[in-house]
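One structure is given here, and the rest of the page talks about it.
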Amino acid sequence: MRNDPQRLAWAVMLAAFGTFCITVIAVPLAVRWTLNNAGRAHAVTLTLATGSAYASRPSVGIPEAVFGSLENLQSGTALETTGASRATLDFSAPFTNQALGAVILYSDTQLVLLRANTPRFEFSPQPHLIDLSLRRGRLRASAAAGTTRAVQLLVRTPQANITLDAAGIVSVEVTAGETSVSVRGGSATVTTLAGTLQLAADERTIVRTGDAELVVLRGQRNLVRNGNFAAAITTGWTTFRNRADAAEAPGDVQLSAQQGRTAVMLARRGINWAEAGIKQDLKYDVRDLRKLSLHLDLWLSFQDLRNCGTLGTECPLMLRIEYSDADGRAMEWLQGFYYLASTDAGTSKRCVVCSPPTSEHQSTSRATWHAYDSPNLLELFKTGGRPPVSINTISLYASGHSFESYVAAVELLAED
Numbered sequence: 003m004r005n006d007p008q009r010l011a012w013a014v015m016l017a018a019f020g021t022f023c024i025t026v027i028a029v030p031l032a033v034r035w036t037l038n039n040a041g042r043a044h045a046v047t048l049t050l051a052t053g054s055a056y057a058s059r060p061s062v063g064i065p066e067a068v069f070g071s072l073e074n075l076q077s078g079t080a081l082e083t084t085g086a087s088r089a090t091l092d093f094s095a096p097f098t099n100q101a102l103g104a105v106i107l108y109s110d111t112q113l114v115l116l117r118a119n120t121p122r123f124e125f126s127p128q129p130h131l132i133d134l135s136l137r138r139g140r141l142r143a144s145a146a147a148g149t150t151r152a153v154q155l156l157v158r159t160p161q162a163n164i165t166l167d168a169a170g171i172v173s174v175e176v177t178a179g180e181t182s183v184s185v186r187g188g189s190a191t192v193t194t195l196a197g198t199l200q201l202a203a204d205e206r207t208i209v210r211t212g213d214a215e216l217v218v219l220r221g222q223r224n225l226v227r228n229g230n231f232a233a234a235i236t237t238g239w240t241t242f243r244n245r246a247d248a249a250e251a252p253g254d255v256q257l258s259a260q261q262g263r264t265a266v267m268l269a270r271r272g273i274n275w276a277e278a279g280i281k282q283d284l285k286y287d288v289r290d291l292r293k294l295s296l297h298l299d300l301w302l303s304f305q306d307l308r309n310c311g312t313l314g315t316e317c318p319l320m321l322r323i324e325y326s327d328a329d330g331r332a333m334e335w336l337q338g339f340y341y342l343a344s345t346d347a348g349t350s351k352r353c354v355v356c357s358p359p360t361s362e363h364q365s366t367s368r369a370t371w372h373a374y375d376s377p378n379l380l381e382l383f384k385t386g387g388r389p390p391v392s393i394n395t396i397s398l399y400a401s402g403h404s405f406e407s408y409v410a411a412v413e414l415l416a417e418d
């Protein structure tokens, strides 16, 4: 080629043309990839509800005890709860503060925040991404509904990857050698080395290390219909309103969007007593059940009475379960929630006019989502001396003079 200038010229021209073609193709593709995949970090906040929690942020390098809340968590942050603790991770879009999802961490749980970002450019087809690694323990994750851009929430465990679909709710637990996945609302996809499994609401699966197949299980059922209020409130529920003064407002009972979640709103402003709520008939025989538990996701915005009133019957949110014993006798159990505590130590924190069993009302924080998980109700109801035979109704209502409360999920979970 050294002795043939023409061949050398052609080689140079072809190399230059090839470089030009690669540049013409590669640069737009690289720009397109960058525009589609460039992201901004979510605003991630950890809020401690009870017990103790620790955060190990990459920028700090050592575990920090969480007091109240910890904001602006970065990718790579490791979180841990100890003992009988509970904490909540809230994810919001940058600049708009639109709620994108929430993750509740239960006791003795270790979680790593891998990624949480939103596309930088509006035209990007990528979803809001929340990517987590659950090393041990239990969490409950929910993806926001009604967002203009889809939310993809991914939970990675040693045995599986769980992808939560839009507006879904899933419970994931990691113990020695296995991962348990239960879908409470929407659907989720479980991916392992053995394959992929789609789970719908009230379905679950257990993935063990080395399993060759995935199986759908249905051992746990939610007895409440439309408990996530995905359908109209008239689906499964009836509304009720009562008031002492007919001239005052009866109260509002309606579906509302609250921090990215569809919820039933119970609201009223007045001087005299009133209550407003929803009720569902169940009529479910529980004699063959091993366990019956309740889960609520609630938000308290306003109340004017401290605690739950002098008799413990006027909480800004109350739950009532009516049931029958073996003699057909009608029984009921009340559980209240409030944030405005009384300064008088003598003020009761439970219903003082109710027959056993009674439970102490739960104090929560104002204007934040609170998750409540009951003990085994079958055992609790036995303490009243009359074990339940049938669960007849479940009601959620607000009671008092002025109140504003929201409920995004109500689950009465039966386990054989």
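Okay, so the sequence shown: first residue is 3 according to our numbering, each after it adds one.
Glycine residues also receive a C-beta, built at the ideal position from the N, C-alpha and C atoms.
For clarity, every value in this text was computed on a predicted model and none was experimentally measured.
- Short of 6 Å from the beta carbon of VAL46, and not among the five residues preceding or following it, lie these beta carbons of its own chain, in chain order: LEU75, PHE93, ALA118.
- A distance of 7 Å or more separates the beta carbons of LEU107 and LEU155.
- Within the DSSP secondary-structure output, LYS293 pairs in a beta bridge with GLU417.
- With respect to the 7 Å criterion, ALA169 and GLY188 are classified as neighbours on the basis of their beta carbons.
- In the pairwise beta carbon analysis, the region 369 to 378 is classified as touching the region 295 to 312: at least three pairs are separated by under 8 Å.
- Counting every other CB atom within 10 Å of its CB across the protein chains shown gives MET267 a total of 16 or more, marking it as buried.
- Between LEU382 and SER295, the alpha-carbon positions lie close to 10 Å from each other.
- The continuous stretches of alpha helix (DSSP H) do not include LYS351, and DSSP gives it neither H nor E.
- When DSSP assignments are scanned along the region 258 to 313, no uninterrupted stretch of alpha helix (DSSP H) that is 4 or more residues long falls wholly within it.
- For ASN119, the pairing in a beta bridge is given by DSSP as ALA43, LEU131.
- The C-alpha of THR21 lies about 41 Å from the C-alpha of LEU195.
- When the alpha-carbon of ILE396 is set against those of THR312, ARG210, LEU225, VAL105, the nearest one is in LEU225.
- Cβ atoms of THR84 and GLY53 come within 8 Å of each other, at about 7 Å.
- Distance from the Cα of SER144 is smallest, within the candidate group GLU334, ALA101, LYS293, SER303, for ALA101.
- In its chain, beyond the 5 residues on either side, GLU277, GLY279, MET320 have a beta carbon closer than 6 Å to the beta carbon of TYR399.
- Shown here, ALA190 sits in a strand according to DSSP, grouped into three states.
- Put simply, of SER182, ILE24, ARG42, ASP167 the residue whose alpha carbon is nearest the alpha carbon of GLU124 is ARG42.
- When the alpha-carbon of GLN337 is set against those of ALA104, THR360, VAL354, the nearest one is in THR360.
- With fewer than 16 neighbouring CB atoms inside 10 Å of its own CB, PHE19 falls in the exposed class.
- Contact annotation, LEU91 with LEU48: C-beta distance approximately 6 Å; criterion of less than 8 Å satisfied.
- Taking C-alpha positions only, PRO389 is separated from VAL192 by approximately 38 Å.
- For GLU381, the uninterrupted alpha helix (DSSP H) segment begins and ends at 379 to 384.
- Only residues of its own chain outside the window of five on either side were considered, and among them ALA80, SER135 have a CB closer than 6 Å to the CB of VAL114, listed in chain order.
- With a 10 Å radius around the Cβ and a threshold of 16 neighbouring Cβ atoms, ILE164 comes out buried.
- Around the beta carbon of MET15, a 10 Å sphere encloses fewer than 16 other beta carbons of the protein chains shown; the residue is thus reported as exposed.
- With fewer than 16 other beta carbons inside 10 angstroms of its own, CYS23 counts as exposed.
- For ALA259, the closest alpha carbon among the candidates PRO96, ALA232, GLU215 is that of ALA232.
- Distance check between ARG263 and each of LEU415, ALA146, TRP12, GLU82 places ALA146 closest, using alpha-carbon atoms only.
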